[in-house]
Every structure is written in C-alpha cells, then in structure tokens.
Amino acid sequence: MLQIGICDDETLLLEEIKKLTDDCLQDQQTFCVTTTYTDGTALLYDIQDGRRFDLLLLDIEMPDISGMELAAHIHELLPDALMIFVTAHYKYAVDAYELHIFRYIPKNQLSGRLPHAVRDAVALLEIQNTDSYIINAASHLERLPLRNILFIEKDGKNVLFHTLPSAKT
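Counting in the numbering used here, the final residue of the sequence shown is number 454, and the numbers go up one at a time with none missing.
Structure representation (structure tokens):
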C-alpha cells in the first residue's frame with residue numbers, strides 16, 4: 286500500500302490534484318492512502334512525528350514554508366520518498382532537480398502531465414519496494430528495504446534490524 290501526501294495551500298487545486306492522483310491510481314489498480322495538507326508545516330510535523338510517505342506532491346509557493354524548503358527537509362527525513370512539484374512557477378525548475386525532485390509539473394498542464402508522472406512514480410516505487418520487509422511498528426506499518434539492512438539479530442522475543450546509518454526507520 287502506497288502512502289501519498291499532497292500539499293498545496295489552494296484548496297480547490299488541492300482537491301483537483303487529489304482527484305487526478307486517485308483516479309490514476311484506481312485505473313492502475315494500485316491501493317494507496319492519500320493524505321492532503323493545505324499547510325507545509327503540518328506536513329513536516331507529521332513526517333517528524335514518524336509519518337512515512339512514498340510519494341509527495343508539493344506546491345512551491347506557500348506561506349510559512351516554501352515547497353523548496355519543505356522538499357529539502359523531506360529529503361533529509363525520507364530519503365527514499367519520491368517528490369513531484371506541482372507549481373505555476375517555472376523559475377524554480379532547475380533548482381528543483383538539485384533537491385532530487387522526481388518531476389516538475391506546471392499547474393496549467395496538470396490534467397495532461399500529472400497522471401503520467403504518477404504512473405511513472407508508482408512504477409519506480411514498485412521496483413524499489415519489491416525487496417523489502419514490512420514491519421509492524423507500534424502504531425503503523427514500516428517498509429524496510431533489504432538494501433538498507435546490515436544484519437538481523439534475535440533479542441528474546443524481539444528482532445533487531447541493524448541498518449545503514451542513513452536508513453530512516
């Protein structure tokens with residue numbers, strides 16, 4: 286199950302992005318949970334509190350925290366998450382790729398480009414997530430890619446996963 290986060294301060298556009306994304310994933314028969322945010326700070330707080338996302342669709346120009354700043358924090362906290370910028374501003378396109386952004390979608394081309402970008406992101410995520418453990422953590426499921434595991438150790442009734450230092454779990 287994919288976890289998708291969408292953040293845009295314009296409520297009507299946020300709903301349009303969510304509908305296009307959900308319709309695309311339904312057509313692909315991909316099961317996902319989509320969470321929407323009108324505030325980048327709330328999204329960041331959720332991630333800092335342990336919320337995980339596989340794919341994030343972000344606006345760039347938002348109050349309080351810009352999409353560029355948000356993407357930098359997300360990349361630090363969720364290095365394997367894919368991010369797509371959905372914005373009306375072309376001037377950020379080159380800088381966006383320095384933040385490891387998967388795609389850059391102009392808002393005026395949303396219906397034509399977003400479904401294709403979402404399909405490509407899901408295909409890449411399915412490849413990345415093929416070899417992984419799903420761990421039942423205290424309040425959520427956690428995906429741990431095999432490539433991040435150094436070794437597994439039994440500790441009484443528990444199992445300890447020793448991972449690479451950059452692995453966030």
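Heads up, the beta-carbon is just placed ideally off N, CA and C, and yes, glycines get one too.
Query	Result
Residues in the same chain with beta-carbon distance under 7 Å from D344, minus the five sequence neighbours each way, listed in chain order, please.	C292, D293, D294, G352, V371 and T372
Would you call the region 400-415 in contact with the region 304-317, where contact means no fewer than 3 C-beta pairs closer than 8 Å?	yes
By Cβ distance, which residues of its chain are closer than 8 Å to S396, with the 5 residues on each side in sequence left out?	L305
Among the residues of its own chain, which have a CB less than 8 Å from the CB of H374, if the five just before and after it don't count?	I345 and E346
For the region 338-391, which segments carrying the beta strand (DSSP E) assignment without a break, of at least 3 residues, lie completely within its bounds, in sequence order?	340-343, 367-372 and 388-391
If L341 and A366 are in contact, beta carbons under 8 Å, what's the gap, nearest whole angstrom?	6 Å
In chain order, what are the residue ranges of uninterrupted alpha helix (DSSP H) at least 4 long that sit wholly in the region 388-448?	395-414
Report back the beta-carbon spacing between R428 and N414 to the nearest angstrom; my notes put them in contact at under 8 Å.	6 Å
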